[in-house]
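Single-structure report; data block below.
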Amino acid sequence: MNSNYNYPDSRGHFGQFGGMYVGETLMPAVLELDEARKKYMQDESFKSELSELLKKFVGRPSPVYLASHLSEYAGGANIYLKREDLVHTGAHKINNTVGQGLLAKYMNKRKLIAETGAGQHGVATATVAALLGMECKVFMGREDIKRQKPNVDRMRLMGAEVIQVDGGTGTLKDAMNAALRYWTTAVEDTFYVIGTVAGPHPYPILVRDFQKVIGEEARRQMLEETGRLPDSIVACIGGGSNAMGIFYPFLPDEDVELVGVEAAGRGIETGEHAASLSHGSVGILHGSKSYVLQDEYGQINEAYSVSAGLDYPGVGPEHAILKEISRAKYETITDSEAMDAFCLLSEKEGIIPALESSHAISYAVKYAPKLGKGKNMLVNLSGRGDKDLTSAISILGM
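Going letter by letter, the sequence shown gives residues -3 to 394 in my numbering.
Structure follows, in structure tokens:
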């Protein structure tokens, strides 16, 4: 690791970002979690059990695939896809939930709770709860329940209780608020499985460390496939877990460009977007300091994206420090551009991407000619688009 990069500190700070901004009711729970993280993630039995689950239950390693038709269409760099859409439950979320579920088991917690926007994290948590024989409650905004009905059905089929959250705009932020409130009443026997690299310490580092398997595999696979590291890595960002997962093992490789793609929604100028890093300011949300969408009084603004998984008014604190030290750059893609990419990858490669991942695909197609021929770009295809078909077909008028 680059000697200039030594984050977080022992209290979970990434420079001025991160930390534990929680009430006294939750402090014992997050401190207990931090102690368990330090203890069990170095434990040989835990590491062995996690490795077996990732291999035999999740289906890792996921492949790296040269999208030759898409590359030819873009007319520049070769575009490779890290196929997280092919792992069990159809998205990268399962890597983290298997890890946190196993950690809960080692901590003798028998109940899991989670929040979800696009539903993939909820499905992944319900899946792990079924695997480990635990009770499961998933908090989900009313609007996301409408947008992601197939995933709601999957959660219920696996025995999870899906709790509709009616407050606010009925999206991911409100679901996370509700889950945190519930956790304060149930910390004794309940483990809160946060789905992204946000929230109070130790969640940003905990989720990153369970997701870094994506980048570790990709590093080996690109060396085997091409003989060198990729020139550029592109990933979509809401809270930022799939991006941190693929970025982290490449942080010391300063010749490898890292690009996060946020949701510009209906256009930055409309104010209806979810681009916290690109157009937010420093504030506190869900127990952590980072870039957030907020008004002049520090009240959180609503985020908007056609993609439920990117519809979050904050971002993980490690992305904030990567932006501040210029180790990663952050760009935006609109709903319309993402929908075009959703269709394009389906038609060119026979792969239907999640709307979240479509933002990264759109940026990759625009950027490939600038990067140039002979260069290699790796895009993290964070999830598959089955869950988005109903809303996508409605938008497309098909």
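Ideal placement from N, C-alpha and C gives every residue a C-beta, glycine not left out.
Residue i versus residue j: straight-line alpha-carbon distance, rounded
{"i": "Ile264", "j": "Val288", "result": "15 Å"}
{"i": "Ala174", "j": "Ala299", "result": "17 Å"}
{"i": "Glu40", "j": "Ala32", "result": "14 Å"}
{"i": "Asn147", "j": "Asp382", "result": "10 Å"}
{"i": "Met151", "j": "Arg143", "result": "15 Å"}
{"i": "Arg224", "j": "Asp251", "result": "11 Å"}
{"i": "Phe187", "j": "Ser64", "result": "43 Å"}
{"i": "Thr318", "j": "Gly256", "result": "Per the sequence presented here, residue 318 reads as Leu, with Thr not at that position. In a straight line, the C-alpha of Leu318 is about 10 Å away from that of Gly256."}
{"i": "Phe338", "j": "Gly370", "result": "25 Å"}
{"i": "Arg204", "j": "Phe246", "result": "13 Å"}
{"i": "Ser272", "j": "Ala239", "result": "15 Å"}
{"i": "Pro248", "j": "Gly368", "result": "23 Å"}
{"i": "Glu220", "j": "Thr123", "result": "32 Å"}
{"i": "Ala171", "j": "Gly137", "result": "5 Å"}
{"i": "Pro349", "j": "Glu45", "result": "31 Å"}
{"i": "Thr93", "j": "Val189", "result": "7 Å"}
{"i": "Asn376", "j": "Gly129", "result": "31 Å"}
{"i": "Gly379", "j": "Asp81", "result": "4 Å"}
{"i": "Asn297", "j": "His269", "result": "10 Å"}
{"i": "Gly95", "j": "Gln116", "result": "16 Å"}
{"i": "Pro226", "j": "Leu341", "result": "20 Å"}
{"i": "Ile329", "j": "Gly166", "result": "23 Å"}
{"i": "Gln217", "j": "Val60", "result": "7 Å"}
Endpoints, alpha helix (DSSP H) assigned at residue i
{"i": "Glu343", "result": "331 to 345"}
{"i": "Thr386", "result": "385 to 392"}
{"i": "Gln96", "result": "89 to 102"}
{"i": "Leu377", "result": "Counting along the chain, Leu377 falls outside any alpha helix (DSSP H), though it belongs to the beta strand (DSSP E) covering 372 to 377."}
{"i": "Ile242", "result": "237 to 243"}
{"i": "Gln160", "result": "Here Gln160 belongs to no alpha helix (DSSP H); instead the beta strand (DSSP E) covers 157 to 161."}
{"i": "Phe42", "result": "40 to 49"}
{"i": "Tyr69", "result": "64 to 70"}
{"i": "Lys366", "result": "351 to 367"}
{"i": "Ile317", "result": "313 to 320"}
{"i": "Val124", "result": "116 to 128"}
{"i": "Ser6", "result": "From DSSP, Ser6 is part of no alpha helix (DSSP H); its letter is neither H nor E."}
{"i": "Tyr36", "result": "23 to 36"}
{"i": "Met172", "result": "168 to 180"}
{"i": "Val148", "result": "145 to 153"}
Buried/exposed call for residue i, threshold 16 Cβ in 10 Å
{"i": "Gly195", "result": "buried"}
{"i": "Leu385", "result": "exposed"}
{"i": "Asp149", "result": "exposed"}
{"i": "Asn0", "result": "exposed"}
{"i": "Pro24", "result": "exposed"}
{"i": "Gly19", "result": "exposed"}
{"i": "Asp162", "result": "exposed"}
{"i": "Ser34", "result": "Going by the sequence as given, residue 34 is Lys instead of Ser. Burial call: exposed."}
{"i": "Met394", "result": "exposed"}
{"i": "Asn74", "result": "buried"}
{"i": "Asn2", "result": "exposed"}
{"i": "Tyr293", "result": "exposed"}
{"i": "Ser322", "result": "exposed"}
{"i": "Asp30", "result": "buried"}
Start and end residues, beta strand (DSSP E) containing residue i
{"i": "Asn74", "result": "74 to 79"}
{"i": "Thr112", "result": "107 to 112"}
{"i": "Gln207", "result": "Counting along the chain, Gln207 falls outside any beta strand (DSSP E), though it belongs to the alpha helix (DSSP H) covering 199 to 207."}
{"i": "Lys133", "result": "131 to 137"}
{"i": "Ile229", "result": "228 to 232"}
{"i": "Ala259", "result": "253 to 261"}
{"i": "Thr186", "result": "186 to 189"}
{"i": "Val288", "result": "284 to 288"}
{"i": "Ser277", "result": "277 to 281"}
Cβ-heavy atom distance, residue i to the ligand ATP, below 7 Å
{"i": "Ala120", "result": "As far as ligands go, the structure on display features none, and thus does not contain the ligand ATP."}
Residue of the options minimising C-alpha distance to residue i
{"i": "Met37", "options": "Thr165, Tyr178, Val183, Pro198", "result": "Pro198"}
{"i": "Phe53", "options": "Ile141, Glu68, Asn91", "result": "Asn91"}
{"i": "Ile389", "options": "Gly261, Val302, Leu153", "result": "Val302"}
{"i": "Lys325", "options": "Asp331, Ser332, His315", "result": "His315"}
{"i": "Ala360", "options": "Ala70, His9, Gly19", "result": "Ala70"}
{"i": "Val311", "options": "Gly8, Phe13, Pro4", "result": "Phe13"}
{"i": "Tyr17", "options": "Pro59, Lys285, Gly11, Glu131", "result": "Lys285"}
{"i": "Arg7", "options": "Val158, Ile201, His117, Phe42", "result": "Ile201"}
{"i": "Ile210", "options": "Phe243, Asn297, Val193", "result": "Phe243"}
{"i": "Thr121", "options": "Val158, Ala182, Asp140, Leu392", "result": "Val158"}
{"i": "Ala259", "options": "Asn74, Glu352, Leu29", "result": "Glu352"}
{"i": "Glu48", "options": "Ser322, Leu98, Leu281", "result": "Leu98"}
{"i": "Asp307", "options": "Lys78, Asp185, Gly234", "result": "Gly234"}
{"i": "Asp140", "options": "Gly118, Lys133, Ala356", "result": "Gly118"}
{"i": "Pro313", "options": "Glu212, Met373, Lys344, Val193", "result": "Val193"}
{"i": "Gly283", "options": "Lys344, Gly15, Gln207, Gln295", "result": "Gly15"}
{"i": "Lys208", "options": "Val183, Asp185, Gly236", "result": "Gly236"}
{"i": "Thr266", "options": "Glu253, Val183, Leu374, Asp331", "result": "Asp331"}
Could you check whether the segment 95 to 105 touches the segment 67 to 86, counting it as contact only if at least three pairs of C-beta atoms, one from each stretch, sit closer than 8 Å? Inter-segment contact for the segment 95 to 105 and the segment 67 to 86 is absent: fewer than three beta-carbon pairs are separated by less than 8 Å.
The segment 213 to 231 contacting the segment 267 to 282, beta-carbon criterion three pairs below 8 Å: no
If you pair each beta-carbon of the segment 109 to 128 with each one of the segment 165 to 180, do three or more pairs fall below 8 Å? yes
Three or more C-beta pairs under 8 Å: does that hold for the segment 329 to 343 against the segment 44 to 58? no
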